[in-house]
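First comes the structure, then the notes that go with it.
Protein chains: 2
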Amino acid sequence: MTARARIKDVATLAGVSTATVSRALSSPDSVGPATRERVMEAVKATGYRINAAARDLRQRRARSILMLAPNLSNTFFSQIIAAVQDVASEAGLTVQISDSRIGRERLVSLGYDGRADGIVLLDGNLAPDVVNGWHLPLIQLSEWNDAYNAPRLGIDNRAAAHLAAGHLAALGHRTVLHVSGPEDNVLAVTRRAGFLEKAGDLGLETGVFEADFTLEAGAEAARRWAALDARPTGVFCASDECALGFISECVHMGFDVPGDVSVMGFDDIDFADRFLPALTTIHQPRKRMGAAAAERLIEMMQGAQGKGRHSISAAPTHIDATLVERDSTGPVPG
Amino acid sequence: MTARARIKDVATLAGVSTATVSRALSSPDSVGPATRERVMEAVKATGYRINAAARDLRQRRARSILMLAPNLSNTFFSQIIAAVQDVASEAGLTVQISDSRIGRERLVSLGYDGRADGIVLLDGNLAPDVVNGWHLPLIQLSEWNDAYNAPRLGIDNRAAAHLAAGHLAALGHRTVLHVSGPEDNVLAVTRRAGFLEKAGDLGLETGVFEADFTLEAGAEAARRWAALDARPTGVFCASDECALGFISECVHMGFDVPGDVSVMGFDDIDFADRFLPALTTIHQPRKRMGAAAAERLIEMMQGAQGKGRHSISAAPTHIDATLVERDSTGPVPG
DNA sequence: CTGAAAGCGCTTACAG
DNA sequence: CTGAAAGCGCTTACAG
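Put into structure tokens, the structure is as follows:
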């Protein structure tokens, strides 16, 4: 197991300069056929592979994109990460990943250390001065923050919440409950506003329980719901996890879903259609979201070429979310 | 928005050499207090941040670890990824992530381009010559391959499968079915062997359906099970997803779980205890697995210091997996 | 304690 | 088509 070959070793073996080796590898046409041949043989003989770190330093780019998400253990991100990595890999880019809640100093460094040249940001709660201080092409995906000076991509959460309200109303529900995400989360706030807006238009009576997207919070909300004197018959949870927790707890308390209460979620996670009952929800095309974000970012990176962040379209780019009707919602009881 | 400062700018402003700036930043004690003071002021004034790419090239390391998994969209990896990233971040390391099925050429490059100095490998099906050709500290996590010249970490899948067989037997089941993972997967093979071994010891009658860990495969297995003349009363699925698919399909076909059939899974994913019925399963401590792998790898990286892969303990390090009894298994019917 | 100089491993004008 | 040389932005023996 000998030390790995450097470009100089290849050059020596082939009897040419390192410049020629470099050219033979990166733009074969710029080199004579015979020379190219000899270089390639030397490459094979030495087992040479380029040192990307050195090339990147010289070219002042990293060929890498950084993904930042508020909680990597959240399975919602899995498909998004996979799609981003897939597109990046096709484009010859590497993917770096980090929890975005690693502390201000570390976070600043990540976007500033020369090891990434584009960022996919899935967190709308980072300090705007940090985000805007990164002089790197950046795209906001899913979550967003109007203070960030960067384009954004995602579903139209307000419109999606309208679908939810419309669905419950169509089934005859007159009093509905929203189990929301946390107050400081832009998705939660937007979904809630959208739901209440549409429910109001439709003349429904509304209530809101604040939760935090998790299974446990959903279960807790179910207990609060059960304790109510007049229980809403339709429930819209801000996430599928929350809805599954809600339903699970309802069933444990002896209620039937959707017989006693209709419950719907948001996201359409993989298990949604295998849950019992199968979950009515809003489908978020996460694979498409990730791929679109990566593609857009790569475009920006090509446009930027070290010129920092470039022209930002004011309007968010929306990806379609759709209502998926399954078995957890039904006609109002009685 | 001016160009970012380099170390030379700081040096000029502080009236010292770049060497001194470098020292003031990396080992403040090796520099006079007054000098240090002036340097720090210049750093603040210029907004200087080190260019990690340049430092890494000079120091011939990447301060980065690479995670390779066969399918990033698999939610099983979420917590592992989060834990690895957490430990890495604490150690000042960056995390690179890639699907391990990106093609031989790209894969070879990833471990060979100087941008990572350690690898967490979650795939036992890569070509051994590729894996062994990376001259980088590497640890196998969860999946493994005896042909890889690297230590491994994970639960004892054979012992875990014993627990499953023991559990079903203790409930009185005499004929049991295993819905396995794919034949070419080391986890699947090991779990199946362990289950059959223990079931044999306990005098149970056994059968196996080969599947592939997914929800759909579980549902398909349920249909095959239902079509059987003599239906096994206890079913052990090689993954929770598979078990959820199996149960879901059983219920859709009109069977009761666990009234008509006991079904258990493997992994203990987040939804397992909120599923209806709550899933009996084998708990894999994924967070602990990820953290342990990262810690171990970092140790190896410190020991290695460019010396390539070092001493490999033959025996795998096992992390405890435990049986979690919930509601999807019960006494044998009748 | 501090600086000048070499060098990490590449690429790329510039000449020829 | 090819090479010598400079340089990407750092760090680190080596001297003093």
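Chains as they are written, first to last, in the working numbering: chain B, 1411 to 1744; chain D, 1411 to 1744. All C-beta atoms in this analysis are idealised placements derived from N, C-alpha and C, irrespective of residue type, glycine included.
Think of a sphere of 8 Å around the beta carbon of residue 1558 (chain D): no beta carbon from chain B falls inside it, the nearest being about 15 Å out. With the criterion set as a beta carbon lying under 9 Å from some beta carbon of chain D, the members of the segment 1659-1684 of chain B are 1659, 1661, 1662, 1679, 1680, 1681, 1683 and 1684, in sequence order.
Not flagged as an interface residue toward chain B: residue 1595 (chain D), since no C-beta distance is shorter than 8 Å.
Look at residue 1562 (chain D) here: in three-state DSSP terms it is strand. A Cβ-Cβ contact shorter than 8 Å links residue 1473 (chain D) with residue 1504 (chain D). As the crow flies, the alpha-carbon of residue 1500 (chain D) is around 22 Å from that of residue 1524 (chain D).
When secondary structure is reduced to three states using DSSP, residue 1548 (chain D) falls in the strand class. Taking 8 Å as the upper bound on Cβ-Cβ separation, chain B lies near residues 1459, 1460, 1461, 1462, 1463, 1464, 1466 and 1467 of the segment 1442-1467 of chain D.
Per the DSSP secondary-structure output, residue 1506 (chain B) pairs in a beta bridge with B:1476 and D:1506. Going by DSSP, residue 1619 (chain D) is part of the beta strand (DSSP E) stretching over 1615-1620.
Look at residue 1496 (chain B) here: in three-state DSSP terms it is helix. In this structure, DSSP gives residue 1460 (chain D) a state outside helix and strand, which the three-state scheme calls coil. Taken atom to atom, the span from the alpha-carbon of residue 1657 (chain B) to that of residue 1673 (chain B) is near 7 Å. Collapsing the DSSP output to three states places residue 1534 (chain D) in coil.
Interface annotation for the segment 1577-1601 of chain B against chain D: empty, criterion Cβ-Cβ distance under 9 Å. Using a CB distance below 8 Å, the part of the segment 1498-1509 of chain D facing chain B consists of 1499, 1504, 1505, 1506, 1507, 1508 and 1509, ordered along the chain. Selection B:1484, B:1678 and B:1497 evaluated against residue 1508 (chain B) yields B:1484 as nearest (Cα-Cα). Residues of the segment 1522-1553 of chain B whose Cβ lies closer than 7 Å to any Cβ of chain D, in chain order: 1522, 1523, 1524, 1525 and 1545. In the structure shown, the three-state DSSP call for residue 1436 (chain D) is helix. In this structure residue 1417 (chain B) does not touch residue 1426 (chain B) by the C-beta definition: roughly 11 Å separates them, more than the 8 Å allowed.
Residue environment analysis places residue 1488 (chain D) among the buried positions, since at least 16 neighbouring C-beta atoms fall within 10 angstroms of its C-beta. Note: residue 1673 (chain D) is bridge-paired with D:1645 in the DSSP secondary-structure output. Between residue 1433 (chain B) and residue 1440 (chain B), the beta carbon gap of about 5 Å places them in contact (Cβ cut-off 8 Å). In the DSSP assignment, residue 1577 (chain B) falls within the unbroken alpha helix (DSSP H) covering 1567-1580. For residue 1692 (chain D), the closest alpha carbon among the candidates D:1466, D:1558, D:1436 and D:1650 is that of D:1650. Taking 8 Å as the threshold, the shortest C-beta distance from residue 1707 (chain B) to chain D does not fall below it. Below the 7 Å Cβ cutoff, chain B contributes 1488, 1489 and 1492 as neighbours of residue 1483 (chain D), in chain order. Under the Cβ criterion (8 Å, minimum of three pairs), the segment 1695-1705 of chain D does not count as touching the segment 1665-1672 of chain D.
Residue 1689 (chain B): not part of any beta strand (DSSP E); DSSP gives it neither H nor E. The C-beta separation of residue 1415 (chain B) from residue 1445 (chain B) comes to about 18 Å, leaving the pair out of contact by the 8 Å criterion. The distance from the Cβ of residue 1652 (chain D) to that of residue 1589 (chain D) is about 6 Å, consistent with a contact at the 8 Å cut-off.
Taking all protein chains shown into account, residue 1727 (chain D) has fewer than 16 neighbouring C-beta atoms within 10 Å of its C-beta and is therefore exposed. For residue 1587 (chain D), no alpha helix (DSSP H) segment is defined; the enclosing uninterrupted segment is the beta strand (DSSP E) at 1585-1590. With contacts defined by Cβ atoms closer than 8 Å, residue 1542 (chain B) and residue 1558 (chain B) form a contacting pair. Within chain B, the residues whose beta carbon sits less than 8 Å from that of residue 1655 (chain D) are 1684, listed in sequence order. Per DSSP, the unbroken alpha helix (DSSP H) holding residue 1517 (chain D) starts and ends at 1514-1520.
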